[in-house]
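Quick notes on the structure that follows.
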Amino acid sequence: MSGKPKLHYFNGRGRMEPIRWLLAAAGVEFEESYLEKKDDLTKLRKDGSLLFQQVPMVEIDGMKMVQTRAILNYIAMKYNLYGKDLKERALIDMYVEGIFDLNELFIYYDIQPADKKEQHFANMMDKATNRYFPAFEKVLKDHGQDFLVGNQLSRADVQLLEIILMAEEFKPDILAKFPLLQVNEWRVLMDNALERTTDLNWLRNRGEWEGEERSDLENNQIC
Amino acid sequence: MSGKPKLHYFNGRGRMEPIRWLLAAAGVEFEESFVEKKDDLTKLQKDGSLLFQQVPMVEIDGMKMVQSRAIANYIATKYNLYGKDLKERALIDMYVEGMFDLNEQLMSYNFQPADKKEQHFANVVDKATNRYFPVFEKVLKDHGQDFLVGNQLSRADVHLLDTILMAEEFKPDILAKFPLLQSFKARISNIPTIKKYLQPGSQRKPPIRPEEVPKVIAIFY
Chain L
1 MSGKPKLHYF NGRGRMEPIR WLLAAAGVEF EESYLEKKDD LTKLRKDGSL LFQQVPMVEI
61 DGMKMVQTRA ILNYIAMKYN LYGKDLKERA LIDMYVEGIF DLNELFIYYD IQPADKKEQH
121 FANMMDKATN RYFPAFEKVL KDHGQDFLVG NQLSRADVQL LEIILMAEEF KPDILAKFPL
181 LQVNEWRVLM DNALERTTDL NWLRNRGEWE GEERSDLENN QIC
Chain Y
1 MSGKPKLHYF NGRGRMEPIR WLLAAAGVEF EESFVEKKDD LTKLQKDGSL LFQQVPMVEI
61 DGMKMVQSRA IANYIATKYN LYGKDLKERA LIDMYVEGMF DLNEQLMSYN FQPADKKEQH
121 FANVVDKATN RYFPVFEKVL KDHGQDFLVG NQLSRADVHL LDTILMAEEF KPDILAKFPL
181 LQSFKARISN IPTIKKYLQP GSQRKPPIRP EEVPKVIAIF Y
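Residue numbers (the UniProt record's numbering), protein chains in the order written: chain L, 1 to 223; chain Y, 1 to 221.
Shown next, in the form of structure tokens:
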């Protein structure tokens with residue numbers, strides 16, 4: 001037992017990716033155990049490891065934590081990425097929940113039937129550029145600081161960076177109208193944090209997944 | 001300005017109901033401003049009150065908070081319904097997220113097309129009785145305490161009672177195989193602030209009636 005957190009999920013982004021990002025930003029090395037076929041999930045279910053029979057599951061500090069938000073809340077608190085008081089937490093939570101909503105749209109794009117993909121894509125891009133990114137651009141503009149909340153790095157910055165990079169994969173110029181979101185300074189900070197993590201598997205596999213992993217994800221998420 | 005939290009939503013449960021429950025359980029009086037037609041929502045959007053153009057929105061402590069989980073987290077922390085330390089919070093968060101997943105399925109029943117309702121109903125009952133309720137029954141059994149976490153009332157107990165009551169509206173005998181959840185239900189319902197919220201005339205909202213569904217869709221979509 002290494003003492004490092006151990007992540008149980010498919011070898012792909014899905015609902016585990018924000019967790020990987022947060023651990024990496026905190027400089028915490030982690031291990032991963034990949035579910036590659038249905039039997040792997042069945043086995044975890046049968047040995048009572050999954051509270052609600054679902055992954056993500058993260059073994060951390062003697063717990064087998066499930067539910068993405070529960071895991072993220074715990075990691076953020078533990079590693080001081082959740083603001084310094086209740087009011088900062090309220091802002092962080094609002095921003096992060098908006099990011100989760102946009103992330104849902106991105107996650108579900110890949111599993112749309114072919115005849116619905118175009119509509120879904122248009123909706124995703126519309127929400128990103130007209131609902132979510134303007135809100136965060138305005139936050140940065142209004143206080144003029146480098147970070148979203150409390151003048152220091154928090155999970156809000158980490159999760160925003162993650163979603164920006166995902167959005168740019170869909171549409172490279174998506175930040176055209178958002179100069180403050182483009183600012184590199186805190187991105188560089190993030191890159192430094194990412195370099196500190198030695199979990200090369202995670203860094204290597206940050207690409208898209210496809211094919212049977214996608215349908216496995218669909219089976220897991222939807223049922 | 002009364003100083004009381006002010007809730008902006010349509011006159012129904014939806015995503016605001018867990019927030020109403022928490023405020024009620026904490027004994028906090030609140031006001032409500034109902035969005036009854038599309039114009040009401042548009043007005044809130046135009047005056048910059050809604051960070052992501054959506055309700056729920058709650059005016060509280062000088063903030064216009066949006067996103068139901070953010071609001072619920074704030075209220076739970078402020079009123080000591082979120083456990084005493086990080087480990088208790090972790091348990092509460094896990095349990096509550098499971099409940100929210102079940103709630104989504106319960107609530108979306110009324111918005112299903114007619115030909116999908118039966119299947120959806122069967123799926124909801126299956127998830128409630130085979131995935132979620134067994135977990136909470138086991139939690140109570142394993143520690144033998146009155147509350148889900150930390151031997152004191154937390155948001156986990158409040159949200160679970162809400163979920164149980166909604167599930168019973170679906171299927172009255174849904175707790176048949178869960179004796180500890182049955183006694184949990186009775187016990188938590190008897191807490192004075194919660195008992196008051198369960199009385200007729202409180203701000204608790206009834207389940208949405210099928211004929212109201214088109215009106216709600218018209219406001220939000």
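All residues carry an ideal CB built from backbone N, CA and C; glycine is no exception. Here the structure is a predicted model, which means the values were calculated and not measured.
Neighbouring residues, chain Y, relative to residue i (Cβ below 9 Å)
i, result
"residue 66 of chain L", "94, 97, 98"
"residue 125 of chain L", "Simply none; closest approach about 16 Å."
"residue 238 of chain L", "Here chain L comprises residues numbered 1 to 223, so residue 238 of chain L is not present and cannot be evaluated."
"residue 131 of chain L", "52, 53, 54"
Whole-angstrom C-beta distance between residue j and residue i, which should lie under 8 Å
i, j, result
"residue 159 of chain L", "residue 96 of chain L", "5 Å"
"residue 205 of chain Y", "residue 17 of chain Y", "6 Å"
"residue 41 of chain Y", "residue 219 of chain Y", "6 Å"
"residue 52 of chain Y", "residue 98 of chain L", "5 Å"
"residue 57 of chain Y", "residue 64 of chain Y", "6 Å"
"residue 168 of chain Y", "residue 175 of chain Y", "7 Å"
"residue 110 of chain Y", "residue 210 of chain Y", "6 Å"
"residue 68 of chain L", "residue 56 of chain L", "6 Å"
Pick from the options that is closest to residue i, judged by C-alpha positions
i, options, result
"residue 58 of chain L", "Y/94, Y/52, Y/23", "Y/94"
"residue 15 of chain L", "L/123, L/3, L/72", "L/72"
"residue 80 of chain L", "L/54, L/22, L/111", "L/22"
"residue 178 of chain L", "L/82, L/137, L/146", "L/137"
"residue 72 of chain Y", "L/67, L/89, L/78, L/65", "L/89"
"residue 236 of chain Y", "L/172, L/154, L/131", "Absent from the structure is residue 236 of chain Y, since the part of chain Y shown begins at 1 and ends at 221."
"residue 48 of chain L", "L/173, L/66, L/33", "L/66"
"residue 13 of chain Y", "Y/177, Y/214, Y/166", "Y/166"
"residue 29 of chain Y", "Y/79, Y/189, Y/43, Y/85", "Y/79"
"residue 167 of chain L", "L/52, L/107, L/27, L/54", "L/107"
Contact check, residue i vs residue j, beta carbons under 7 Å
i, j, result
"residue 180 of chain Y", "residue 212 of chain Y", "no"
"residue 158 of chain Y", "residue 22 of chain Y", "yes"
"residue 70 of chain L", "residue 97 of chain Y", "yes"
"residue 91 of chain L", "residue 163 of chain L", "no"
"residue 201 of chain Y", "residue 149 of chain Y", "no"
"residue 141 of chain L", "residue 180 of chain L", "yes"
"residue 148 of chain L", "residue 157 of chain L", "yes"
"residue 25 of chain Y", "residue 193 of chain Y", "yes"
"residue 78 of chain L", "residue 125 of chain L", "no"
"residue 6 of chain L", "residue 36 of chain L", "no"
"residue 92 of chain Y", "residue 154 of chain Y", "yes"
Under 8 Å from the C-beta of residue i: neighbouring residues of chain Y
i, result
"residue 171 of chain L", "Within 8 Å Cβ-Cβ: nothing; residue 171 of chain L doesn't reach chain Y, min ~20 Å."
"residue 93 of chain L", "67, 69, 70, 73, 74"
"residue 45 of chain L", "Here the premise fails: no neighbours, minimum Cβ distance about 10 Å."
"residue 74 of chain L", "86, 89, 90, 93"
Chain L contact residues for residue i, given Cβ-Cβ distances below 8 Å
i, result
"residue 77 of chain Y", "86, 89"
"residue 63 of chain Y", "87, 90"
Beta-carbon neighbours of residue i, restricted to chain Y and to distances below 7 Å
i, result
"residue 135 of chain L", "51, 52"
"residue 70 of chain L", "90, 93, 94, 97"
Under 9 Å from the C-beta of residue i: neighbouring residues of chain L
i, result
"residue 35 of chain Y", "None at all; the shortest Cβ gap to chain L is about 18 Å."
"residue 132 of chain Y", "52"
Amino acids of chain L, ordered along the chain, whose beta-carbon sits closer than 7 Å to that of residue i
i, result
"residue 135 of chain Y", "51, 52"
- Evaluate contact between the region 1-12 of chain Y and the region 25-40 of chain Y, counting only Cβ atoms and requiring at least three cross-stretch pairs below 8 Å. Touching, per the Cβ criterion.
- Query: Okay, do the region 124-140 of chain Y and the region 96-113 of chain Y touch, 3+ Cβ pairs below 8 Å being the bar?
  - Reply: In short, these stretches touch, since the Cβ pair count reaches three.
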